[in-house]
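Numbering (the UniProt record's numbering), first residue to last: 1 to 410.
The following block contains the structure:
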């Protein structure tokens with residue numbers, strides 16, 4: 001069998017693969033590498049969609065972080081540069097048919113057709129890009145700084161304002177809470193040109209109470225009138241001592257609960273982990289006092305669980321105590337969210353963050369609408385839901401009806 005030699009005028013096919021790897025290596029050497037995405041996966045691994053590669057520094061060594069993105073999870077692997085480059089070269093085109101390189105001064109895309117033909121597209125950026133920090137253990141974008149004095153006083157940081165390792169989960173919770181509050185604030189009708197009145201029911205050691213006051217005062221430059229409400233007198237004394245020491249104007253802690261300390265006017269109502277119907281009393285207080293933002297993380301759902309009757313179709317599934325408890329929780333909090341909607345709030349129910357002493361991490365966030373809506377149809381749906389589960393009373397509904405804040409149609 002003879003092979004015909006190419007004519008002298010024929011040009012060899014360009015090696016797009018080698019050129020792309022060269023561009024990648026150059027961007028790394030010049031500290032211009034931003035990101036590489038490998039897509040159009042053709043391998044045999046189930047549910048793998050793409051790999052996202054970014055620069056990191058691990059123990060003072062430059063590396064590339066490979067985030068393997070699956071349908072329902074991510075897996076991260078950090079590789080030294082030489083090993084990373086060899087890995088990328090091996091994945092193209094055997095496992096991925098598309099690679100998109102984003103660098104400081106260049107952008108390149110390598111594609112392979114079904115027949116294996118390669119194409120390389122290059123362009124210059126339309127605007128100056130910024131190379132992200134490569135610090136592997138870098139501090140994420142935070143809404144509070146570790147150097148805030150109250151964090152040291154409450155034992156979150158040491159004298160050098162360094163995070164105490166045992167408090168890392170609490171630090172994440174504090175920042176997530178302020179992040180949620182910040183987003184809610186931007187969509188609320190609250191104005192920052194007058195004092196923002198906040199009540200935190202079940203304030204405990206005051207981590208979130210101090211944090212929201214500090215965020216209002218030092219980040220937003222607003223005047224905050226923040227009250228922490230806690231049943232344990234020793235906690236109240238500790239927090240008031242810390243507040244006085246730090247000279248935080250507008251921050252005070254009171255001994256009591258949501259039933260004994262009920263402000264007539266509020267802008268923000270917070271209640272994390274109020275047990276069972278205490279959450280309903282807190283939400284009712286927020287609605288009655290005209291709060292623009294209501295943030296609560298429910299705990300325990302005894303009232304509805306004792307009433308709920310499983311519809312015949314669902315009894316085989318709900319004969320198990322765990323499932324029945326989960327359904328009681330879902331029904332209870334769904335009704336709470338719907339009552340808030342009926343009272344003029346835009347409401348979200350989402351996972352917050354795991355806390356130190358409980359696995360309850362659900363949050364109900366309600367932001368008052370600028371314009372009220374007609375709740376008639378929603379109230380009909382609420383009654384249908386109650387009837388379906390044969391629920392005779394929901395504490396929040398009872399409280400709202402008693403104050404005339406909710407009116408059911410006959």
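From the three backbone atoms N, C-alpha and C, an ideal C-beta is built for every residue, glycine too.
Quantities reported herein were computed from a predicted structural model and do not represent experimental measurements.
Check	Outcome
Considering only the beta carbon of each residue, do residue 108 and residue 121 sit closer than 8 Å?	yes
Does the distance from the CB of residue 16 to the CB of residue 113 come in under 8 Å?	no
My assumption, with CB atoms under 8 Å, is that residue 276 sits in contact with residue 301. Please give the rounded CB distance.	7 Å
Going residue by residue through the stretch 145-214, where are the continuous beta strand (DSSP E) segments of at least 3 residues, counting only ones entirely within it?	196-201
Restricting to Cα atoms, I'd like to know which of 24, 87, 341, 48 is closest to residue 72.	48
Between residue 126 and the rest of its own chain, which residues show a CB-CB distance below 7 Å, the 5 nearest in sequence each way excluded?	Caution applies to residue 126, whose pLDDT of 48 falls short of 50 and renders its modelled position unreliable; the value that the coordinates give is listed next. Closer than 7 Å at Cβ, skipping near neighbours: no residue.
Starting from the Cα of residue 397, find the closest Cα among 376, 336, 369, 377 and give me that residue.	336
What residue range does the beta strand (DSSP E) around residue 77 cover?	74-80
What residues are listed by DSSP as bridge partners for residue 123?	107
Closest by CA to residue 412, which one among 385, 382, 291, 317?	The requested residue 412 does not occur in the structure, where the chain is confined to residues 1 to 410.
For residue 89, tell me which candidate among 106, 78, 110, 70 has the shortest Cα-Cα distance.	110
Under a Cβ-count criterion, where at least 16 other Cβ atoms within 10 Å of its own Cβ denotes burial, should residue 43 be classed as buried or exposed?	exposed
From residue 486 to residue 188, what distance separates their C-alpha atoms?	Nothing can be reported for residue 486, as the shown portion of the chain is limited to 1 through 410.
Three-state secondary structure (DSSP) at residue 334?	helix
Measuring straight from C-alpha to C-alpha, what distance separates residue 200 and residue 210?	10 Å
Please determine, among 177, 255, 148, 81, the residue with the shortest C-alpha to C-alpha distance to residue 162.	148
Who are the Cβ neighbours of residue 329 in its own chain at under 7 Å, not counting the five residues just before and after it?	301
What's the call for residue 407, buried or exposed, on a 16-neighbour Cβ count within 10 Å?	exposed
Going along the chain, which residues of its own chain have a beta-carbon closer than 7 Å to the beta-carbon of residue 317, five neighbours each way excluded?	323
When the Cα atoms are used, what is the spatial distance from residue 344 to residue 168?	37 Å
Rounded to whole angstroms, what is the Cα-Cα separation between residue 191 and residue 365?	19 Å
Are the CB atoms of residue 293 and residue 208 within a distance shorter than 8 Å?	no
Can you tell me the Cβ-Cβ gap for residue 262 and residue 296, rounded? I've got them flagged as a contact below 8 Å.	The pair is not a contact, with the Cβ atoms about 15 Å apart (cut-off 8 Å).
Might you give, ordered along the chain, the residues of its own chain that have their beta carbon closer than 6 Å to the beta carbon of residue 375, omitting 5 neighbours on each side?	342
Given residue 248, which residues of its chain have a CB within under 7 Å of its CB, disregarding the five upstream and five downstream residues?	213
State the Cα-Cα distance for the pair residue 229 and residue 265, rounded to the nearest angstrom.	15 Å
Ordered along the chain, which non-local residues of its own chain (more than five positions away) have a Cβ less than 6 Å from that of residue 305?	328
Taking DSSP as the reference, what is the three-state secondary structure of residue 11?	Interpretation of residue 11 is limited by its pLDDT of 47, a score under 50 that renders its predicted location unreliable; the figure taken from the coordinates is listed afterwards. In this structure, residue 11 counts as coil in the three-state DSSP scheme.
Return the residue from the list 245, 156, 177 that minimises the CA-CA distance to residue 361.	177
Leaving out five residues before and five after residue 429 in sequence, what residues of the same chain have Cβ atoms less than 8 Å from its Cβ?	In the structure displayed, the chain extends from 1 to 410; residue 429 sits before or after that span and is not available.
To the nearest angstrom, how far is the alpha carbon of residue 62 from that of residue 80?	7 Å
Which whole runs of the beta strand (DSSP E) in the stretch 272-348 are 3 residues long or more, in chain order?	293-299
Do residue 233 and residue 196 have their CB atoms nearer than 8 Å?	no
If you follow the alpha helix (DSSP H) that residue 219 is part of, which residue opens it and which one closes it?	No alpha helix (DSSP H) holds residue 219; DSSP gives it neither H nor E.
Within the 8 Å Cβ cut-off, does residue 27 reach chain B?	Any reference to chain B falls outside this structure, which holds one protein chain only.
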